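Order-wise, the sequence lines are chains G and F.
Residue numbering for the first sequence follows the working numbering, starting at 3 and increasing by one per position.
Residue numbering for the second sequence follows the working numbering, starting at 3 and increasing by one per position.
Glycine included, each C-beta is placed from N, C-alpha and C at the ideal position.
All values reported here derive from a predicted model rather than from experimental measurement.
Protein chains: 2
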Amino acid sequence: MSSRLIDRITAGDTTAVARAISKVEGGASDSSDLMKQIFSRTGRALIVGGKSSLVDKLAAFYRKQGERVGIIAVDPSSPFSGGAILGDRIRMQTLSLDKGVFIRSMATRGQLGGLARATVEAVAILDAAGYEKILVETVGVGQDEIEIAKAADVCVVVLVPGMGDDVQTMKAGIMEIGDVLVINKADRDGVLRTEKELEGLLSLGVRTDQWQPPIVKTVAIENRGIEELADAIDRARESQKSAPDSNERRQAIARWRILELLRERLLSEALHSDSTSEKLDRLAAEVANKKRDPYSAIEELIAK
Amino acid sequence: MSSRLIDRITAGDTTAVARAISKVEGGASDSSDLMKQIFSRTGRALIVGGKSSLVDKLAAFYRKQGERVGIIAVDPSSPFSGGAILGDRIRMQTLSLDKGVFIRSMATRGQLGGLARATVEAVAILDAAGYEKILVETVGVGQDEIEIAKAADVCVVVLVPGMGDDVQTMKAGIMEIGDVLVINKADRDGVLRTEKELEGLLSLGVRTDQWQPPIVKTVAIENRGIEELADAIDRARESQKSAPDSNERRQAIARWRILELLRERLLSEALHSDSTSEKLDRLAAEVANKKRDPYSAIEELIAK
């Protein structure tokens, strides 16, 4: 069955793509076999990641160039409520009518974690399906988002003028993951100041490669600066390929992917039986009522 | 040794507190025993979490009331570079000279993850050491941050006027974790609009408890609104204690803590030998060069 699915995916069948992504998101038992086949068919797409309110404009630009575009929107959601809350994707509606665009929201899977792992796998599926550009939209600068963004080829960080303190707050994200920096709403006051602040941050120079992230100014609602952004993304990608540490970077990403998979596999094995699941409920109640500490709780869970 | 350390912690010895936090952060082998002893001594502090640029003002306010304050600043950082980059804590300098204030930055530990786990444990240590107020400062609205914030008693979400789209983007964070909403820089234009947007979000009402999160306006640099904020935090805390779902909430937090510990313990056991670590390096290189897929790599890692 998987071999037929893989054939349909590589033929670009969107129903098959959607089904494959559901499999990896849901942690289906045959998803690992599927992903082994997917993996050897990846490596052609340009993967653009990062927090972005420009995804729809960039996607439209790539479409005009005749390229197929995949969009993965990562919705942070709570481990407690379970559901994805964000997803205010009205601006995506026009795009979603276009057969050359595949849009998918990924939400957290709950107790096994795995959002980052599932997102990276969804990207691989789109890559194997022949989407030339894959845009991974994340929100915020949390650990998951940073990991997802770093697994992309090029990461775009979007700021708006007048963020002031927030530029400082986002320093980590900007310095770590920003291959291309964008100041959107660049028709507003304060653009120059934000630009100076960014240049100040960049001049601290913690990057190990030679790439100097360009600062692109855009006005998304007027479609201004989008071509410059696409151009900056291409240049970042080219520079990266020839960077002296490109092999190290790929190894670090590979290592992280292996560990993510391992983490999830181990937890899934530890929790797979119904009795463990009942035990977990009981232990959680005991810890909540302070009848037990969480440390002895896991000792009981692990003990066979 | 741990029993002496626990005595020094409960006596409020800051050197012992710092050492204990380093132990849990570094995953020291005896940290689990220490935490078992800590756990039974927790439950007195008020833990305030969330993204906040008001932490220093709030801390100063609590100090004036004669309370001891612990501050944990969570620094997101990359799993690749390893270091904490943020930490622009100049505004904390005055506070740090005050013996009644304990300030600590927590950074990511790298391959085992565990930032959220270590942060929650650091909070427990400060609680056991008798700090009456514990402020956990996070950045962004990533999964880690949401989990950390939800493990706090009261979560404060800070916005500034004119965020426009960003209020939408932060919807998840606001709706999920905000027990108290703050509009800082409330002397700027656009306060009313931001307030209306927040009220609009709140009126959608996804909360399961009866608490209606208040919107507090502050001007941090002029110290305005801080008392109102502290008051709103107290009210949120009181409401929570009597909420019909308070037991469920505590169980969900307990369950999450157990799973975090379990996840880390399993990974640590799987990777603990030198040979596994060498194997991981080799497999990461093979995956990076597409000589192997990550799925068969973990099968080799797990196989004994």
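{"Asked": "Using a C-beta to C-beta distance shorter than 8 Å, which residues of chain G count as neighbours of F/Lys38?", "Found": "Asp295, Tyr297 and Ser298"}
{"Asked": "How about F/Arg119: is its Cβ closer than 6 Å to a heavy atom in the ligand FAD?", "Found": "Questions concerning the ligand FAD fall outside what the structure shown contains, since it holds no ligand whatsoever."}
{"Asked": "Mind reading off the beta-carbon distance from F/Leu231 to F/Leu60? Whole number of angstroms is fine, and I expect it under 8 Å.", "Found": "6 Å"}
{"Asked": "Could you spell out the range, first to last residue, of the beta strand (DSSP E) harbouring F/Thr140?", "Found": "Lys135 to Thr140"}
{"Asked": "Provide the residue(s) that pair with F/Arg251 in DSSP beta bridges, ordered along the chain.", "Found": "Answer by DSSP bridge pairing: none, since F/Arg251 is not bridged."}
{"Asked": "So, does the CB of F/Val289 fall closer than 7 Å to a CB anywhere in chain G?", "Found": "yes"}
{"Asked": "Tell me, to the nearest whole angstrom, how far the beta carbon of G/Glu139 is from that of G/Ala75; I am working on the premise that it is less than 8 Å.", "Found": "5 Å"}
{"Asked": "Residues of chain F with CB closer than 7 Å to the CB of G/Ala286, please, in chain order.", "Found": "Gln253, Ala256, Arg257 and Ile260"}
{"Asked": "Using a beta-carbon distance cut-off of less than 7 Å, what residues from the region 263-278 of chain F approach chain B?", "Found": "Protein chains G and F are contained in the structure displayed, whereas chain B is not."}
{"Asked": "With respect to the alpha helix (DSSP H) encompassing G/Val193, which residues constitute its N-terminal and C-terminal limits?", "Found": "Val193 to Ser205"}
{"Asked": "Taking 7 Å as the CB-CB limit, is G/Ser34 close to chain F?", "Found": "yes"}
{"Asked": "Please look up how many angstroms separate the CB atoms of F/Ile150 and F/Val122, rounded, as I've assumed it's under 8 Å.", "Found": "7 Å"}
{"Asked": "Can you name, in chain order, every residue of its own chain whose Cβ lies under 6 Å from the Cβ of G/Leu128, other than the five neighbours on each side?", "Found": "Gly72 and Ile136"}
{"Asked": "Under 9 Å between beta-carbons, which chain G residues line up against F/Asn249? List them in chain order, please.", "Found": "Ala287, Ala290 and Asn291"}
{"Asked": "Whose CA, out of F/Arg252, F/Pro246, F/Ile217 and F/Asp247, lies closest to the CA of F/Ile235?", "Found": "F/Ile217"}
{"Asked": "Decide yes or no for the touch test of the region 255-263 of chain F against the region 293-302 of chain G: beta carbon pairs closer than 8 Å, at least 3 of them.", "Found": "yes"}
{"Asked": "Can we say the region 263-272 of chain G touches the region 263-270 of chain F, given the rule of at least three CB pairs closer than 8 Å?", "Found": "yes"}
{"Asked": "Residues in its own chain within less than 7 Å of G/Thr16 by CB, not counting five upstream and five downstream?", "Found": "Phe104"}
{"Asked": "Give the single residue among G/Leu56, G/Arg190 and G/Asp181 whose Cα lies nearest to the Cα of G/Ser241.", "Found": "G/Asp181"}
{"Asked": "Closest to F/Ala126 by CA distance: which of F/Ile8, F/Ile228, F/Ala188 and F/Gly202 is it?", "Found": "F/Ile8"}
{"Asked": "Using a C-beta cutoff of 7 Å, does G/Phe104 count as contacting chain F?", "Found": "no"}
{"Asked": "In three-state DSSP terms, what is F/Gly72?", "Found": "strand"}
{"Asked": "So G/Pro163 packs on G/Thr196, CB below 8 Å; how close in whole Å?", "Found": "5 Å"}
{"Asked": "Cutting at 6 Å between CB atoms, please list the residues of its own chain near G/Asp211, excluding the five before and the five after it.", "Found": "Ala245 and Asp247"}
{"Asked": "Rounded to whole angstroms, what's the CA-CA distance from G/Asp189 to G/Leu56? Just pull it up for me.", "Found": "15 Å"}
{"Asked": "Since G/Leu183 sits in a beta bridge, which residues does DSSP pair it with?", "Found": "G/Val159 and G/Ile217"}
{"Asked": "Using only CA atoms, which one of F/Arg251, F/Leu161 and F/Val289 lies nearest to F/Gly52?", "Found": "F/Leu161"}
{"Asked": "For G/Ala22, which residues from the same chain have a beta carbon less than 7 Å from its beta carbon, with the 5 sequence-adjacent residues on both sides left out?", "Found": "Leu7, Ile11, Leu36 and Ile127"}
{"Asked": "Please name the residue or residues paired with G/Ile105 in a DSSP beta bridge.", "Found": "G/Ile73"}
{"Asked": "According to DSSP, simplified to helix, strand and coil, what is F/Gly51?", "Found": "strand"}
{"Asked": "At the level of alpha carbons, what is the spacing between G/Glu271 and G/Gly29?", "Found": "12 Å"}
{"Asked": "Secondary structure at G/Arg226, three-state DSSP: helix, strand or coil?", "Found": "strand"}
{"Asked": "What number of angstroms, rounded off, separates the C-alpha of G/Asn291 from the C-alpha of G/Arg237?", "Found": "56 Å"}
{"Asked": "Please name the residue, chosen from G/Ala120, G/Arg65 and G/Ala124, that lies closest to G/Ser98 on a Cα-to-Cα basis.", "Found": "G/Arg65"}
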